[in-house]
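Engineer: Numbering (my numbering), first residue to last: -4 to 279. Backbone N, C-alpha and C define an ideal beta-carbon position, used for all residues, glycine too.
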Ligand SMILES: NC(=O)c1ccc[n+]([C@@H]2O[C@H](COP(=O)([O-])OP(=O)(O)OC[C@H]3O[C@@H](n4cnc5c(N)ncnc54)[C@H](OP(=O)(O)O)[C@@H]3O)[C@@H](O)[C@H]2O)c1
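1) Buried or exposed for residue 273, going by 16 or more other Cβ atoms inside 10 Å?
2) When you measure from the CB of residue 27 to every non-hydrogen atom of ligand 1, does any distance come out below 6 Å?
3) Exposed or buried, which one is residue 126 when buried takes at least 16 other CB atoms within 10 Å?
4) Where do the N-terminal and C-terminal ends of the beta strand (DSSP E) with residue 263 fall, by residue?
5) Taking all protein chains shown into account, do 16 or more other C-beta atoms lie within 10 angstroms of the C-beta of residue 129, making it buried, or fewer, making it exposed?
6) Identify whether residue 153 lies in helix, strand or coil by the three-state DSSP scheme.
7) Could you compute how far the alpha carbon of residue 144 sits from the alpha carbon of residue 231?
8) In this structure, does DSSP put residue 203 in helix, strand or coil?
9) Excluding the five sequence neighbours on either side, which residues of its own chain have a C-beta within less than 7 Å of the C-beta of residue 111, listed in chain order?
10) Mapping DSSP to helix, strand and coil, what is residue 97?
11) Would residue 60 be called buried (16 or more neighbouring beta carbons within 10 Å of its own) or exposed?
12) Report the option in 161, 71, 83, 79 whose CA atom is closest to the CA atom of residue 104.
13) So, under 8 Å CB-CB, residue 280 and residue 34 are touching, yes? Tell me the CB distance rounded to an integer number of Å.
14) I'd like the list of long-range same chain contacts for residue 186, defined as Cβ closer than 6 Å, with 5 residues on each side in sequence excluded.
15) Buried or exposed, going by whether 16 or more other CB atoms sit within 10 Å of the CB of residue 58?
16) Candidates 229, 97, 227: which alpha carbon is nearest residue 28's?
17) Going by Cα to Cα distance, which pick from 56, 167, 157 is closest to residue 108?
18) Could you tell me which whole alpha helix (DSSP H) segments of length 4 or greater appear in the stretch 201 to 252?
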């Protein structure tokens, strides 16, 4: 098991397949997928592996990453992205183990649904650490590796999963709205800063995605409250729906940049307008 405490001269995994690179050459591309221990990140790691990518799967829970590695060949690297030393160790290990063609930053989440006046400083701090500061830290450490891959193989990718909460405020969303909006602004600024380099910067902003842990963690482990978020909603998005969009963005020709893709379930026309109950065709 690789992790932040490891020496960098660890196993280099073999590759499953190759995909067409920029200019028609065939190269195996390697993606670093964060948040790979559950939900959207795990689904993305699986999907990229199935599409021939080499994947480095990053999160804190080593046991879940190991199970994913055994099943899919996505190489597990346990790291807490809020810890500078962990991300530094990840970057060192990556530099010695192969190229990095894509940073797919999915790790993050929400904590709490309180009104702003009742907000818990610890929860707000967690959201800014996990969604914003970790993203900056990853970019700072991995950009030199992405540049190296872009120089040799034509282009590289950065892709960030923000949220529709970055676009529209809602009651009880203050901390998450603020953190995801900050992350989205970071992404937009990064795209400007990388202008002129063959490095894509994509933002995927999902609406309601029914994953096992997102609402549970947000609502302090209250299963009933977490379930009720999806009450009566016909077909919330799944983690695989988002993974599919991510894979499309990464596999698109290297000159095509999906700047911002907002993805919602059909039942959610807007942050404030969610149909509960079966969708039905209006008569007449
Ligand atoms: N589900 C939704 O409705 C929805 C909608 C819009 C956007 N999003 C965003 O999509 C992303 C994934 O959401 P999800 O639904 O898949 O939630 P999830 O299942 O709770 O996944 C969160 C992932 O982030 C990892 N993570 C959290 N803190 C970390 C840290 N300090 N260091 C390393 N990894 C960390 C977790 O792994 P460990 O606990 O093992 O570290 C986990 O793999 C989040 O950024 C979320 O804000 C979700």
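Structural biologist: Looking at the coordinates:
1) exposed
2) no
3) buried
4) 263 to 265
5) buried
6) strand
7) 37 Å
8) coil
9) 169
10) strand
11) buried
12) 161
13) The question about residue 280 has no answer here: the residues shown for the chain are numbered -4 through 279.
14) 196
15) exposed
16) 97
17) 167
18) 209 to 213, 218 to 223, 234 to 246
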